[in-house]
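The opening residue of the sequence shown carries number 169 in the numbering used here; numbering runs sequentially from there.
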Amino acid sequence: MVVALYGRALPDGQKVGLEACVEAFHRSGVEVILYDKLADSLNRLGGSWTGAVFGDHSPALGHSGFFVTLGGDGTLLDSVVHVRDQGIPVLGINFGRLGYLTSALPEQMNGVVERLMAGQFSVEQRRMLHMASNESLFGSCPFALNELAIHKNNLSSVIRIQVLVDDVYMNTYHADGLVISTPTGSTGYNLSCGGPITMPNAQVFLVSAVAPHNLNVRPIVLTDSSVIQLNIESTGSGVMLSMDSRSVFTQNPGCLMVRRNSFDFPLVRLNGQDHLSTLRSKLMWGVDRRNEREQF
């Protein structure tokens, strides 16, 4: 088996964790290929990586049994543009802070590898969204696992976003921006905007305004079979568009079309892990001293 390890630039304190991850796979007879920029970072910190490497959009990934990210949620979201439609299961190891989407810590790698080799995991097919626009704003990767976010580009004025759902007028938002989220992204920017939390297998899109200049605008839940049309007007300063951790500026956004992506994102969950437990342990959802007593 081949496993691809991906990460951003490696801080000094994470060299030992990376080497422990590599060693855990090697002990189980697994070949490791390392992201080229991560290998360079490791060597600069005194490591000696001489194994195989892969670069951006490398065809070598097609031979991988797993794509393992070493970092936080932003690093895991990066994997969307590497894995794309290849269907390689993605496992996140939390080298960051919260690590909501990740499954384990570096010091747990020996046990993680054993569970992977024993098949003690499941692969959740997480739905993504796709954005079409007149400009090629996100190149060959106009899709997102978490959300599409539209945000004004200055501090002075709101932007105007007219929204149609399946060609039916829904609302015109006067706000700092708008977030179109997937169920996976419901605990991301959507949550910060007061949007609802959904189970990851829900077949929905979530639409939440960013600081709306209106007292009666609330987040709304739409089916992900819908096509959402966004007609954006700014005051001439343009807008910032973000898909997960990738952002672009456009002067004339015009019309954007959002629909469910043609392929899903395969996220690894180790046996014994579940979404509700993660909500409670990492986001402190429902924390209440009255619930600390023995359950009913």
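Glycine included, each C-beta is placed from N, C-alpha and C at the ideal position.
Note that this is a predicted model, so its numbers are computed, not measured.
For residue i, three-class secondary structure by DSSP
| i | result |
| --- | --- |
| proline 364 | coil |
| tyrosine 341 | strand |
| methionine 277 | helix |
| serine 349 | strand |
| leucine 305 | coil |
| glutamine 254 | coil |
| valine 248 | helix |
| glutamate 282 | helix |
| glutamate 460 | coil |
| proline 179 | coil |
| valine 455 | coil |
One or two residues paired with residue i in a DSSP bridge
| i | result |
| --- | --- |
| arginine 427 | His298 |
| arginine 437 | Ser290 |
| glutamine 397 | Leu332 and Met425 |
| asparagine 262 | Gly239 |
| proline 380 | Ala343 |
| glutamate 389 | What sits at residue 389 in the sequence shown is valine, not glutamate. Answer is Leu374, bridged to valine 389. |
| tyrosine 174 | Thr237 |
| serine 415 | Ser410 |
| glutamate 315 | Ser349 |
| lysine 320 | Val407 |
| isoleucine 327 | Ala343 |
| alanine 272 | Ile261 |
Beta-carbon spacing of residue i, residue j below 8 Å
| i | j | result |
| --- | --- | --- |
| alanine 192 | methionine 285 | no |
| threonine 350 | leucine 398 | no |
| phenylalanine 222 | leucine 259 | no |
| valine 170 | valine 236 | no |
| histidine 319 | valine 378 | yes |
| leucine 206 | glycine 175 | yes |
| threonine 446 | tyrosine 337 | no |
| methionine 411 | leucine 316 | yes |
| glycine 356 | serine 376 | no |
| leucine 305 | valine 416 | yes |
| valine 333 | serine 394 | yes |
| alanine 272 | leucine 438 | yes |
| serine 196 | valine 281 | yes |
| glycine 454 | arginine 448 | yes |
| isoleucine 348 | isoleucine 400 | no |
| glycine 406 | asparagine 459 | no |
| glycine 215 | lysine 183 | yes |
| methionine 299 | leucine 435 | no |
| valine 248 | phenylalanine 433 | yes |
| asparagine 302 | glycine 422 | yes |
| serine 413 | aspartate 246 | yes |
Contact set for residue i: own chain, Cβ-Cβ below 7 Å, skip 5 residues either direction
| i | result |
| --- | --- |
| aspartate 392 | Arg295, Gln371, Val372, Phe373 and Arg428 |
| alanine 220 | Ile201 |
| leucine 178 | Leu186, Leu206, Ser209, Leu210 and Leu213 |
| tryptophan 217 | Leu202, Ala207, Leu210 and Asn211 |
| serine 325 | Thr403 |
Beta-carbon contacts of residue i that lie in its chain and below 8 Å, excluding the five residues immediately before and after
| i | result |
| --- | --- |
| threonine 366 | Pro351, Ser354, Val372, Leu374 and Val389 |
| glycine 240 | Asn262, Phe263, Gly264, Arg265, Leu266, Gly267 and Thr270 |
| leucine 244 | Thr237, Val258, Gly260, Leu269 and Thr270 |
C-beta neighbour in chain D for residue i, strict 8 Å
| i | result |
| --- | --- |
| methionine 338 | Any reference to chain D falls outside this structure, which holds one protein chain only. |
6 Å Cβ shell around residue i - same chain, five flanking residues per side excluded
| i | result |
| --- | --- |
| cysteine 135 | An answer regarding residue 135 cannot be provided, because it is not within the stretch 169 to 464 covered by the chain. |
- Identify every run of the beta strand (DSSP E) within the stretch 190-223, keeping only runs that are complete inside it and at least 3 residues long; order them along the chain. Here the runs fully enclosed are 199-203.
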